[in-house]
Each structure stands twice: as C-alpha cells, then as structure tokens.
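Numbering (the working numbering), first residue to last: 617 to 689.
Ideal placement from N, C-alpha and C gives every residue a C-beta, glycine not left out.
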C-alpha cells in the first residue's frame with residue numbers, strides 16, 4: 617500500500633475559483649487521483665478535487681506558516 621499525504625476526500629461546500637495549471641501538473645494530478653483511488657478502494661475523483669486538500673495539507677505541515685498564523689491569533 618502506498619503512503620500518500622492525502623486521506624480520502626471529505627465532501628464540503630466549495631468556493632469556486634479559476635486557476636491555470638501547467639499540463640505536467642494536471643497530468644500528475646490525474647495520476648495522483650488514480651493512485652489515491654487504488655489506495656483507498658474508492659472511485660477516482662476529478663483532479664480539480666485534489667487541489668484544495670493538497671493545499672490544505674501543505675499549509676498544515678508548513679511550520680513557518682503555522683508559527684505565523686499562531687502569532688496572528
């Protein structure tokens with residue numbers, strides 16, 4: 617079993633934004649979605665559904681960002 621940084625995705629109300637990604641990043645998101653589906657035994661999600669959880673995970677594990685957020689609160 618592959619140890620991915622993302623867990624199964626939780627359904628949540630989204631805020632719509634538009635981003636432009638390089639083709640290579642999109643291909644990697646498609647591949648990541650397939651690996652995540654195989655790893656969790658679920659259906660593959662559209663690649664755009666991975667972006668928010670990946671950003672969330674990135675910010676949650678960024679120590680400098682966490683320190684900065686803690687100082688602001």
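State the DSSP-derived secondary structure class of residue i, mapped to helix, strand or coil.
i: residue 683; result: helix
i: residue 629; result: coil
i: residue 645; result: helix
i: residue 637; result: coil
i: residue 659; result: coil
i: residue 652; result: helix
On the CB-based measure, 16 or more other CB atoms within 10 Å of its CB, does residue i come out buried or exposed?
i: residue 652; result: buried
i: residue 645; result: buried
i: residue 639; result: exposed
Where does the unbroken alpha helix (DSSP H) through residue i begin, and where does it stop?
i: residue 664; result: 664-676
Against chain C, does residue i count as a neighbour if the rule is that its beta carbon must be under 8 Å from one of theirs?
i: residue 662; result: Of the protein chains in the structure, only one exists, and it is not chain C.
Checking 8 Å against the spacing of the C-beta atoms, do residue i and residue j come in under that value?
i: residue 620; j: residue 669; result: no
i: residue 649; j: residue 630; result: no
i: residue 673; j: residue 622; result: yes
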